[in-house]
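In this note's numbering, the protein residues as written are 106 to 403.
Glycine residues also receive a C-beta, built at the ideal position from the N, C-alpha and C atoms.
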């Protein structure tokens, strides 16, 4: 619990002093997963049970600009590439998501101006998942798995712990960290624990990262976050043909939801994954359910 409180304090260190002091007085900050700041509205906190407004004064547009400037260490232009994708990774692996008016050039988003809201996602380790992963796997060898849930249920956290489980047991692992949110490198050092035998490639597409990692690092396990495009599926297929286990995520409520999408049907037909872990919520608590593909109809 102390680690979660420390993570909260580290995450809000990028906020203006007055707002930071207000948030430090909140009860049970360790339960907060995200802080939402919307222009003209009071801040809100999201926990496992949902989002609730905080009893604080409304956020001003100027405050949003100051938050972004402080988070970027007063050098916003240095983070242009990241911000055009709508986020900024902070020290400790925390992430600042931004919304507003998109600035376009030649049909491509080059940035966001006129900020309307900011989402501060607090990175937490989930060390208690290690024992659960050991029960699911039932083998000493890495196996391919797909993690399923709606957004915000903790797929990335579980993926990170899955990698760490095998990496700390001596298996070479690799992470294709397209959005810098699995390992969150800072000066080449992961800000989140991903294991002692893990190599990370970030800042490029999952496909590009997978090709480089497979050629140069020979991983036994390769992790990538959400599969959302044909190119992502291509990266999974490449790993399968190379004999490398894959751990990946998908936004889906369950297996029936997953099977309705062509991109996943193709991967299942290929035999790319041995098992699925479905993350659900019951009474505000996360519940993990594992199913092996041979137990389901693909």
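Going by DSSP, residue 271 is part of the alpha helix (DSSP H) stretching over 260-272. For residue 127, the enclosing alpha helix (DSSP H) begins and ends at 122-129. When the Cα atoms are used, residue 145 and residue 154 turn out to be separated by approximately 24 angstroms.
Between the beta-carbon of residue 338 and that of residue 368 there is about 5 angstroms, and that keeps the pair under the 8 angstroms contact cut. Between residue 175 and residue 260, the alpha-carbon positions lie close to 29 angstroms from each other.
The three-state secondary structure of residue 313, taken from DSSP, is helix. For residue 158, the CB contacts under 6 angstroms within the same chain, skipping 5 residues up- and downstream, are 147, 149 in chain order. Contact holds between the stretch 368-378 and the stretch 342-359, because three or more Cβ pairs, one in each stretch, are under 8 angstroms apart. Judged by beta-carbon spacing, residue 192 lies within the 7 angstroms limit of residue 202, meaning their Cβ atoms are closer than that value. Inclusion of residue 312 and residue 278 in the CB contact set at 7 angstroms is not warranted, their separation being larger than that value. The beta carbons of residue 255 and residue 325 sit about 30 angstroms from each other, so the pair does not count as a contact at 8 angstroms. Within its own chain, the residues whose Cβ lies closer than 7 angstroms to the Cβ of residue 242, once the five positions on either side in sequence are excluded, are 248, listed in chain order. Between residue 283 and the set 387, 298, 314, the nearest pair of CA atoms involves 314. In summary, residue 134 is buried, with 16 or more beta-carbon neighbours lying within 10 Å of its beta-carbon over all protein chains present. DSSP places residue 353 within a strand segment (E or B) once states are collapsed to three.
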